[in-house]
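Enquirer: As numbered in this note's numbering, residues 1 to 184 make up the sequence shown, in order.
Sharing a structure here in C-alpha cells format.
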Amino acid sequence: MKRVMTDIYAERYRDLSQEAQTCCLTGHRVIPPGEEKKIMIRAKNILLRLIREKNVRFFGVGGAVGFDMLASEYLLDLKAHDEHQIKIISVLPYPAWRETEDWTDKLRAREEKILLGSDKVVYVRNEYEKNVFLLRDRKLVDCSAWCVSYCNRPRTGTAYTVKYALDHGVKVYNASSFSLRNLV
C-alpha cells in the first residue's frame, strides 16, 4: 500500500531517490485550443530525453488540471510499460484540496487515476493555509534537479515556480515557445 504523509518537512519524499534523478512538473492550468498536441509532443520528448540520457527516474507532480495532469498521464503510460522503472510522487497541497476545485466528474476521475498510479502521495499541509499552493510548488522544486514546464505567461504561479527553480539551480526545460533565461 502506498504511504501517505502529511508533514513533508518532517519526512521528505526525496528518500525514494537521489535529487539528481528527480524531476518536477509545473505548467499552466489552461492550454490554448489547438496547442495541447504540440505542447505535449515537446513535453514527451523532454521527459524521454531526461529518462534516457540523464537517468531521471522520479517525477514529482502537483496534481493541477492542465499541463500537470496531461504530463502525469503520459508518465503513467510510461510506467505501465515498465521499460524505464520510473516512480511518480504526487505532491498535493492538503488532503481536502480537490473538494475546493470546480472539477467535472471526468477531471476527478482522471486525477483519481493519477493518484492510484502514483508510488507515493505527499501532502504539504494537513489543511488549507493561504500559501499552501506556493509551498507545494517550492517543495516540488526543492527536491528536484530537473523541471519540465509549460510556461508562456510571465505573471503566473507557473512563472513564479520556474523562476524559483532557476534561482535554485534546477535545470528547466520549457515545452512552450516562451523563453525565460536558461530555458531550453
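Glycine included, C-beta positions come from ideal geometry on N, C-alpha and C.
Using a threshold of 8 Å, state whether the C-beta atoms of Val148 and Ile46 are closer than that.
Expert: In this structure, Ile46 lies closer than 8 Å to Val148 by Cβ.
Enquirer: In whole angstroms, what separates the C-alpha of Tyr185 from that of Glu129?
Expert: Within the shown structure, residues of the chain are numbered from 1 to 184, placing residue 185 beyond reach of any answer.
Enquirer: Could you pull the start and end residues of the beta strand (DSSP E) that Tyr150 belongs to?
Expert: Per DSSP, Tyr150 belongs to the beta strand (DSSP E) from 146-150.
Enquirer: May I ask you to report which of helix, strand or coil DSSP gives Gly157?
Expert: Three-state DSSP puts Gly157 in a helix.
Enquirer: Rounded to the nearest angstrom, what separates Lys171 and Thr156 at their Cα positions?
Expert: Their backbone Cα atoms lie some 19 Å apart in a straight line.
Enquirer: If we ignore side chains and look at the alpha-carbon of each, how far apart do Ala159 and Arg153 end up?
Expert: Answer to the nearest angstrom: the Cα atoms are 7 Å apart.
Enquirer: Per DSSP, Leu48 forms a beta bridge with which residues?
Expert: Partner(s): none; Leu48 has no beta bridge.
Enquirer: Note down, one range per segment and in chain order, each beta strand (DSSP E) of at least 3 residues found wholly within the segment 73-155.
Expert: Entirely contained in the segment 73-155, the beta strand (DSSP E) runs reaching 3 residues are, in chain order, 87-92, 120-123, 146-150.
Enquirer: May I ask you to verify whether the segment 79-97 touches the segment 111-120, counting CB pairs closer than 8 Å and requiring at least 3?
Expert: With the cut-off at 8 Å, the segment 79-97 and the segment 111-120 touch.
Enquirer: Using the Cβ count rule (16 or more neighbours within 10 Å means buried), how would you classify Lys106?
Expert: That one is exposed.
Enquirer: Could you tell me how far apart the beta carbons of Glu132 and Tyr164 are, in whole angstroms, since I believe they sit closer than 8 Å?
Expert: Reading off the sequence, residue 132 comes out as Val, not Glu. Not a contact, Cβ separation roughly 16 Å.
Enquirer: Taking the CB atoms as reference points, tell me whether Asp150 and Tyr123 lie closer together than 8 Å.
Expert: Note that residue 150 corresponds to Tyr in the displayed sequence, not to Asp. Their beta carbons are not under 8 Å apart, which means Tyr150 does not touch Tyr123 by this criterion.
Enquirer: My output table needs one value for Val162: the three-state DSSP class, helix, strand or coil.
Expert: DSSP places Val162 in helix when its eight states are reduced to three.
Enquirer: CA-CA distance, Ala10 and Asp68?
Expert: Caution applies to Ala10, whose pLDDT of 33 falls short of 50 and renders its modelled position unreliable; the model cannot decide the point.
Enquirer: Considering Cα atoms alone, identify which of Arg57, Glu99, Ile41 is closest to Ala64.
Expert: Closest by alpha carbon: Glu99.
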